[in-house]
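K.L.:
Right, I'll just put the structure down here and ask away after.
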Amino acid sequence: MPFQSKQFDVVLSGYSLRDAISLKTAISEIQRVLKDGGKWIIVDLGKPDEPIARFGVSFYLKLILPIVAYAAGGKLGLKFAALHKTYKLWPKNKKLELMLLEKFSSVEFEKDLMGGAIMVTAHK
Numbered sequence: 001m002p003f004q005s006k007q008f009d010v011v012l013s014g015y016s017l018r019d020a021i022s023l024k025t026a027i028s029e030i031q032r033v034l035k036d037g038g039k040w041i042i043v044d045l046g047k048p049d050e051p052i053a054r055f056g057v058s059f060y061l062k063l064i065l066p067i068v069a070y071a072a073g074g075k076l077g078l079k080f081a082a083l084h085k086t087y088k089l090w091p092k093n094k095k096l097e098l099m100l101l102e103k104f105s106s107v108e109f110e111k112d113l114m115g116g117a118i119m120v121t122a123h124k
């Protein structure tokens, strides 16, 4: 990222981290640009650790959401089908938490919708 180290008190990522080309690099870069004591707030899709919940979220993203989005927005709604592709590549919630703990001193991990939606606060 084109910022000097320790420039920001807070970084907010809204439904974007899962699209990073390299998740490890993105985590390292956010940690680098945060000031000591800063925090990173992440709101994104979650990938449940429990197999049944993970199947439910995957089923919803692959089959239900595109139909609902198409009904609501026509062809433009079909773009929501791309969410399932990024979801498949996204780590499970516990793995993401462990990846964040490699670079941050503490992580608060809130899950909703069976773990399919997450809000994370990572403290530097």
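Anchor point for the sequence shown: position 58 equals 58 in UniProt numbering, and the numbering is continuous, going up by one each time. For each residue, glycine too, the CB sits at the ideal point set by N, CA and C.
#1: Residue ranges of each beta strand (DSSP E) run of no fewer than 3 residues wholly in the segment 70-120, ordered along the chain?
#2: Measure the beta-carbon distance from K35 to K6 and round it to whole angstroms, keeping in mind my assumption that it falls under 8 Å.
#3: Going by DSSP in three states, G46 sits in which element: helix, strand or coil?
#4: What is the DSSP secondary structure of F3, reduced to helix, strand or coil?
#5: Put I41 into one of helix, strand or coil per three-state DSSP.
#6: Which of the three DSSP states, helix, strand or coil, is assigned to S13?
#7: Can you tell me which of the three DSSP states A20 falls into?
#8: Can at least three beta-carbon pairs, one atom from the segment 89-98 and one from the segment 44-52, be found at a separation below 8 Å?
#9: With a Cβ-Cβ cutoff of 8 Å, do G37 and M114 count as a contact?
#10: Mapping DSSP to helix, strand and coil, what is K124?
P.N.:
This is what the structure gives:
#1: 106-112
#2: Residue mapping note: residue 35 aligns to position 35 of the sequence shown, counting from 1. Residue mapping note: residue 6 aligns to position 6 of the sequence shown, counting from 1. Their Cβ separation, rounded to whole angstroms, is 5 Å, which keeps K35 and K6 in contact under 8 Å.
#3: For the purposes of this step, residue 46 is taken as residue 46 along the sequence shown, with counting starting at 1. DSSP places G46 in coil when its eight states are reduced to three.
#4: Taking the sequence shown and counting its residues from 1, the one referred to as residue 3 is at position 3. Note: F3 maps to coil in three-state DSSP.
#5: Working through the sequence shown from its first residue, we reach residue 41 at position 41. It is a strand residue.
#6: For this step, residue 13 is matched to residue 13 along the sequence shown. Residue state, collapsed to three classes: strand.
#7: Counted from its first residue, the sequence shown places residue 20 at position 20. Three-state result, A20: coil.
#8: yes
#9: Locating residue 37 in the sequence shown gives position 37, where the first residue counts as 1. Locating residue 114 in the sequence shown gives position 114, where the first residue counts as 1. For G37 and M114, no; Cβs fall outside 8 Å.
#10: For this step, residue 124 is matched to residue 124 along the sequence shown. Three-state DSSP puts K124 in coil, outside helix and strand.
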